[in-house]
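Novice:
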Amino acid sequence: MGPSFDPVVDPVVFGALAAKLQAVAVQMSFALKRTSRSLYVKDGEDFCASIMGLDGLLLTAPDTVGSTLLTLVDATEAIAAVPDLAPGDVIIANDAHTSGALSTHLADLHVIEPYYVEGELVGYGWAFVHSSDIGGRVPSSISPFNTDVYQEGLQLPPVRLVKGGEIDDEIEALIRRNSRTPDANSADIRAMLAALRLGHRAVTDLVAEYGSHTFLAAQRDILGYSERRARDIFTSLPPGRHRFSDYLDDDALSPYPVRYAVALEVDEAGGLTVDFTGTDPQVSSAFNIVSKGRPHPMLTGRVRSSLVTLDPAFPNDAGQVRAVTVIAPEGTIVNAVHPAAVGVRHGSAVRVSDALGGAFLAMAPQVMPAAGSGVVVPVVVSQRRGHARGSQVLTRLFGGFGAANGLDGHDGKDNGYSNLASSPVETAEAELRLTVLDYSLRPDSGGPGRWRGGVGRQLTFRVDEDGTQVLARGLERFVFRPWGANGGRPGAPTEVIVNAGRSVEQRHRKIDVLYLDAGDTITFRTPGGGGFGDPFLREPASVLSDVRRGLVGWESARRDYGVALGGGPGTETIDEAATARARAGHVVVAGGIDVGVERRRWATVFTEDWHDRFAAALLANGVGQSPRLRDGLYDSVFGLLPADFPVAEASAEQLATAGAEAERLLVELESRSARSG
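Numbered continuously in this note's numbering, the sequence shown closes out at residue 1466.
Below, the structure is given as structure tokens:
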């Protein structure tokens, strides 16, 4: 049995205080949103504000506005880094390495205010915003091609921004001088401070109403109750160790995939261990996560969403982290060390979410969905403003939701990072010199299944100014597609095309900064989610509806679903006899995960066991040596395979030769590791 939950506060008072605290968090977040300036915040809702207890964990999170993923933040180290906090002080920090992983990349500015009521510290107010620019090598600060944190912008360890109620002008001047959007940054910082003030007034009123003793006791009860409920849910899952892995296509600096391995196991006390042993070492590019090896939003956000899937009434606070243990070896991409670049940490977090999703699917196959699109792509446009260059987020692109037993996936919305909103393109057109030509759902992108994966999105815009810069971080799933489940198939891969359909058409994968001139167009097509269940079991009427809505084409209906259609566009009908013939003799596929032909080809050469040994050998040689040794081994093996493997097919002889060489080189690396150890 796990630790018992022995509430101190009367249940009625407990319920009232918990509800009022969540209302305060919502009020704080709306105040921040309404007084902010940047599109990231006011339209994209990449922000949050709430109340923390004395232990630096969130007591609640807003459920209707902002980035609810960050329920799991831990401000303990950031608060400890600034001793002797007095009434009216406010901490600011954005550096993952020095804030105890409170901030996850430099673009996220966090503020913390100690809440004193009649001289007694009763909690903390907290808020964060995603800054539109915090300096660094590229406009908007973030690029997958950055190679250390120094290239990513101004690093702010936890320091006092506000002292005794007054903003430190020197700190603010430093922030402004290091940003391409200083006015927007200053406005957004003041919006956070306004939210903190609102929260302070509300907490003062709650303490006056209930007394400080009850208010502090309620903090313990809120987190204790969530921990107990989490343990109860985990205990209901089947015993055993459930493992899954997933991949980034590459790390942007080399063409070779990056592997995320995770195992889930529940102990007798209802505690969940999340073990990332076998995950690849940190990379030289910006996909690293600084987690300090603890439960962290970027590593265990999918744990929270899975708890809510299993119990829709699960509380929205940080108590669950007390029921979760994370094993993340130092120096891996999920527990990176200084000076790792971390700007595109969300690219890794989405893939971690997919890996966790596969492990949870094994534990609860009738509840958990197939993989979502696995991409979150902020599309940033930078254009000249006089002698300077400004940048704005045009919008955020998501793909489709993974299907589940009995449910089609949501179209154009991913289940990995559903906490952010897309900016209206009309707002971007008003602020940027460009024209959006198409922003719609992408046909035939959802994974076929008895329940169809949600389709992705497609965006095409024309730039109307020479020298326009376009950035799009988070581009992924060009190679390894979102997997399907229980007979469902993978979604379509990502596409990025400049000047589609013209003689000068160019196709890209990950991009750093694209320079476009007036008249150029760029098209983004995001993946759909994986399907669930054999697609030949889908109701023909549902396939017909998909065709009429433009989500599935005629050819896909016949090929993927065995549904033959007659009529014409807008008057489609089901050809019952042809459908019966198309489905006759089909052997239903049930159970398992379909990772796609690309990953099956990959696994023929590089098995799961091989990857586990490879990761261990690289870590044994040290973080500084890992990228060189990793790329060197892959260079040798890939020389034996076709260009663009595993998208391109290889012969059985090529696969066997490459697999043997991979094993030989790994044995040599393991011997080197043993000697150096």
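For every residue, glycine included, the Cβ atom is placed at its ideal position computed from N, Cα and C. In this text the structure is predicted, and so the values were computed from the model without any measurement.
Jot down the residue ranges of each uninterrupted beta strand (DSSP E) in the region 809-844, minimum 3 residues, whole runs only, in chain order.
Specialist: Here the runs fully enclosed are 836-841.
Novice: Is the CB-CB distance between valine 1426 and leucine 1408 below 8 Å?
Specialist: For valine 1426 and leucine 1408, no; Cβs fall outside 8 Å.
Novice: Report buried or exposed for tyrosine 939, applying the criterion of at least 16 other Cβ atoms within 10 angstroms of its Cβ.
Specialist: By the neighbour-count rule (16 or more Cβ atoms within 10 Å), tyrosine 939 is not buried but exposed.
Novice: For isoleucine 964, collect the residues of the same chain with a Cβ closer than 7 Å to its Cβ; drop the 5 residues on either side in sequence, then sort them by chain order.
Specialist: Taken in chain order, the residues that qualify are Leu943 and Asn974.
Novice: With three or more C-beta pairs closer than 8 Å as the rule, is the region 1296-1306 touching the region 1398-1407?
Specialist: These segments do not touch.
Novice: Can you name, in chain order, every residue of its own chain whose Cβ lies under 6 Å from the Cβ of threonine 1062, other than the five neighbours on each side?
Specialist: Result list for threonine 1062: Glu1054 and Thr1114, in chain order.
Novice: Using the three-state DSSP reduction, which class does threonine 1062 fall into: helix, strand or coil?
Specialist: Residue state, collapsed to three classes: strand.
Novice: Per DSSP, proline 1271 is paired with what?
Specialist: Proline 1271 is not bridged to any residue.
Novice: Do you know offhand how far aspartate 878's Cα is from leucine 995's?
Specialist: Near 21 Å, if we compare the C-alpha coordinates of leucine 995 and aspartate 878.
Novice: Answer with buried or exposed for lysine 952, where buried requires no fewer than 16 other C-beta atoms within 10 angstroms of its C-beta.
Specialist: Counting Cβ neighbours within 10 Å, lysine 952 comes out exposed, since fewer than 16 surround it.
Novice: Which residues share a DSSP beta bridge with glutamine 1247?
Specialist: Note: glutamine 1247 sits in a beta bridge opposite Ser1229 and Arg1314.
Novice: Going by alpha carbons, who is nearest to glycine 855 out of Val1412, Arg823, Tyr1423 and His886?
Specialist: Of the listed residues, the one whose Cα sits closest to glycine 855 is Arg823.
Novice: Given glutamine 1295, which residues of its chain have a CB within under 6 Å of its CB, disregarding the five upstream and five downstream residues?
Specialist: Here the set comprises Val1287.
Novice: Anyone know if the C-beta pair for arginine 1291 and aspartate 1253 falls short of 8 Å?
Specialist: It is not a contact, given that the beta carbons lie outside the stated cut-off.
Novice: What does the alpha-carbon distance come out to for the pair alanine 820 and phenylalanine 794?
Specialist: Those two C-alpha atoms are separated by around 35 Å.
Novice: Between the C-alpha atoms of valine 1394 and leucine 1422, what's the straight-line distance to the nearest angstrom?
Specialist: Cα to Cα, the separation comes out at about 13 Å.
Novice: Can the beta-carbon of glycine 1318 be found less than 8 Å from the beta-carbon of proline 1237?
Specialist: Contact: no.
Novice: Which residue wins for smallest C-alpha separation from leucine 1186, given the options Arg1140, Phe1076, Thr1098 and Thr1312?
Specialist: Residue Thr1312 is the option with its Cα nearest to leucine 1186.
Novice: If you follow the beta strand (DSSP E) that histidine 919 is part of, which residue opens it and which one closes it?
Specialist: Element bounds for histidine 919: 909-919.
Novice: Is the beta carbon of proline 1104 sitting closer than 8 Å to the one on tyrosine 1228?
Specialist: In this structure, tyrosine 1228 does not lie closer than 8 Å to proline 1104 by Cβ.
Novice: Measure from the alpha carbon of serine 892 to the alpha carbon of each residue in Pro946, Trp1399, Gln1172 and Arg1020, then state which is nearest.
Specialist: Ranking the options by Cα distance to serine 892, first place goes to Pro946.
Novice: Please return the same chain residues whose Cβ sits closer than 6 Å to the Cβ of glutamate 1459, not counting the five positions on each side in sequence.
Specialist: These residues qualify, in order along the chain: Ala1406.
Novice: Can you tell me which of Val1133, Val1268, Ala1125 and Thr1283 puts its alpha carbon nearest to the alpha carbon of serine 929?
Specialist: That would be Val1133, whose Cα lies nearest to the Cα of serine 929.
Novice: Quick one: grab the DSSP three-state call for arginine 1048.
Specialist: It is a strand residue.
Novice: According to DSSP, what are the bridge partners of leucine 1053?
Specialist: Its beta-bridge partners are His1031 and Val1063.
Novice: Could you check which residue in Ala1379, Arg1140, Gly925 and Arg1020 has the C-alpha nearest to that of phenylalanine 1076?
Specialist: Checked all of Ala1379, Arg1140, Gly925 and Arg1020; the closest Cα to phenylalanine 1076 is Arg1140.
Novice: Quick one: give me the first and last residue of the beta strand (DSSP E) that tyrosine 1423 is part of.
Specialist: Segment 1415-1427 is the alpha helix (DSSP H) holding tyrosine 1423; no beta strand (DSSP E) there.
Novice: According to DSSP, what are the bridge partners of histidine 1297?
Specialist: In the DSSP output, where bridge partners are listed per residue, histidine 1297 has Val1285.
Novice: DSSP on glycine 1013, reduced to helix/strand/coil?
Specialist: Three-state DSSP puts glycine 1013 in a helix.
Novice: What are the residues that DSSP puts in a beta bridge with valine 1110?
Specialist: Partner(s): none; valine 1110 has no beta bridge.
Novice: Considering Cα atoms alone, identify which of Leu828, Phe803 and Ser839 is closest to valine 815.
Specialist: Nearest C-alpha to valine 815: Ser839.
Novice: Mind the definition here: the region 1022-1040 touches the region 1367-1375 only if three or more C-beta pairs lie below 8 Å; say whether that holds.
Specialist: The region 1022-1040 vs the region 1367-1375: no contact.
Novice: Short of 7 Å in beta carbon distance, which residues of its chain neighbour alanine 1041, apart from the five on each side in sequence? Order them along the chain.
Specialist: Answer for alanine 1041: Pro933, Phe934, Ser1074 and Lys1299, listed in chain order.
Novice: What residues are listed by DSSP as bridge partners for proline 1070?
Specialist: Paired residues: Thr1121.
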